[in-house]
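Written below as C-alpha cells is the structure these notes are about.
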Amino acid sequence: MQRGNISRVLIVGAGTMGVQIGFQCAAHGCDVVFYDNLPQALDSVERRLRAYTDGLLSTGMVTAIQCESALSRMTCRGDPQRAAEGIDLVSESLPEDPALKGRVLAQFNTLCPPQAIFTTNTSTLLASQFARASGRPARLIALHFHPPVWTSNIADVMPHKRTDPQVTAIVTDFARRIGQVPIHVQTERRGYVFNSMYGALNHQALALAANGVSSVEDIDRAWMGVLGVPIGPFGLMDTVGLDTLWHILDYWARRVFVLRQFRRNADFVKKYVDRGHLGTKTAHGFYTYPDPLYKRPGFVSTASGSLSDTPVRAGM
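With the sequence shown counted from 1, adding 1185 to any position gets you the numbering used here.
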C-alpha cells in the first residue's frame, strides 16, 4: 500500500472514541464502516453523530453540506465479514483488555485484505502486548486520538519493535490527511505523551474524591478557576466514558500499579458504572447532561469583594 491510498476505514468498537474517529475520517473524505458486536451501540451511532454535527454547525466549524457529505460516507455493520470488505485501515477502540483486543483483531486478520493496516486507539496498553495475537504484527501500530478529535487535533503514532517502518510512514501521513498533528512516540510507553501527564492528573483528582478530601464539583472548580479553563478533570472523564475509564483503572490496579490507592480509584468509578452512569454518552456520569453543572453561569465565580472585583487606583 502506498501513502495516500487509505480510502476505506473500519472502526472496530462504536463507543465514544470510535464514533469520533469515524466522523473525523469521513469528514476528510474516507468511507467509514462501524462495527460493534453490541446492537445497541450500532443503533445509537447515527444519533450520536447527529449530536456531534449539530454542535459543530452551531460553532461554524463546518457547513451543513460538509456534515451531510460526511454522514453519507458512514455505514454500520453487525456482520464482521461484511464490515471487513475492501478495508484499507482498521482503527480499534475496544475496552482496555489485551486479550480481547488480540482476539478481535485476529478475527479481522482472517477477514480483511492482506494489505490492510491495523491500528489501535488503546489509551494505556502497548500494541506489542497483542501484536502476535493480531496475526499481522508488522502491520499493527498504535494511532491514538484525543477527545474531541476535531478540536484536539493530536494523534499519537507509536510503532512497536516489529512494526514495518513503511507502515509507520503511511499511518503518519494518514493522520495528517485527516486533520491531525502526528506526535511520534519513539519508544513504546503506556499513555503516550499527553496521557502520561493527564493520567497523573486523573489519579490525583480521583484520589481526592475517593478519599473524601473534596467533592467532584470543588475539585473541578479548583482546576478550572486557577487555570482559567472551561472544564475540569471530572468533566473530561465524562467525555472519555466512565466504563472506558474503569477498565483502564481496573487493569492498572491489577497489573501495572498494584497499590491500594489505584484500587480505591477504580472502585470509586465502578459505583457510577454499576448505575449505568457512563458519562456524556448516557447523559449521566459525574455530571448530568446535556446541561452539566460545570457549564452553568456561576459554577466558578469570583468571591464578592476580591481584588479582581475591586478597581485598582493609583497609589494603592
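C-beta: ideal position from N, C-alpha, C; glycine also.
Less than 7 Å between the beta carbons of residue i and residue j, yes or no?
i, j, result
"residue 1334", "residue 1251", "no"
"residue 1552", "residue 1199", "Since the first residue of the chain shown is 1186 and the last is 1501, residue 1552 is not available in this structure."
"residue 1393", "residue 1450", "no"
"residue 1423", "residue 1377", "no"
"residue 1427", "residue 1458", "yes"
"residue 1365", "residue 1387", "no"
"residue 1296", "residue 1322", "no"
"residue 1363", "residue 1213", "yes"
"residue 1272", "residue 1195", "yes"
"residue 1382", "residue 1485", "no"
"residue 1211", "residue 1255", "yes"
"residue 1260", "residue 1218", "yes"
"residue 1405", "residue 1420", "yes"
"residue 1447", "residue 1437", "yes"
"residue 1204", "residue 1235", "no"
"residue 1357", "residue 1350", "no"
"residue 1466", "residue 1238", "no"
"residue 1275", "residue 1315", "no"
"residue 1216", "residue 1258", "yes"
Which class does residue i belong to by DSSP, given the choice of helix, strand or coil?
i, result
"residue 1501", "Reliability of the predicted coordinates at residue 1501 is poor, the pLDDT of 40 falling under 50, and the value obtained from them is presented with this limitation in mind. Note: residue 1501 maps to coil in three-state DSSP."
"residue 1377", "coil"
"residue 1231", "helix"
"residue 1489", "Unreliable positioning characterises residue 1489 in this predicted model, as indicated by a pLDDT of 49, which lies under 50. The coordinate reading is nonetheless provided below. Coil at residue 1489, not helix or strand."
"residue 1277", "strand"
"residue 1204", "helix"
"residue 1370", "coil"
"residue 1481", "coil"
"residue 1193", "strand"
"residue 1282", "coil"
"residue 1248", "coil"
"residue 1433", "helix"
"residue 1428", "helix"
"residue 1453", "helix"
"residue 1294", "helix"
"residue 1384", "helix"
"residue 1347", "coil"
"residue 1389", "helix"
"residue 1398", "coil"
"residue 1446", "helix"
"residue 1476", "coil"
"residue 1365", "coil"
Which residues mark the beginning and the end of the beta strand (DSSP E) in which residue i is found?
i, result
"residue 1262", "1259 to 1262"
"residue 1469", "No beta strand (DSSP E) contains residue 1469, which DSSP labels as neither H nor E."
"residue 1303", "1302 to 1305"
"residue 1183", "Past the boundaries of the shown model lies residue 1183; the chain is included only from 1186 to 1501, so the question cannot be answered."
For residue i, which beta-bridge partners are listed by DSSP?
i, result
"residue 1328", "1342"
"residue 1464", "1469"
Starting from residue i and walking both ways along the alpha helix (DSSP H), at which residues does that stretch end?
i, result
"residue 1355", "1350 to 1362"
"residue 1272", "It is not in any alpha helix (DSSP H) - residue 1272 carries neither H nor E in the DSSP assignment."
"residue 1318", "1316 to 1319"
"residue 1313", "First-last for residue 1313: undefined, no H or E at that position."
"residue 1403", "1401 to 1412"
"residue 1337", "1334 to 1337"
Would you check if the stretch 1431 to 1441 and the stretch 1303 to 1320 touch, i.e. whether three or more CB-CB distances between them fall below 8 Å?
The stretch 1303 to 1320 is in contact with the stretch 1431 to 1441.
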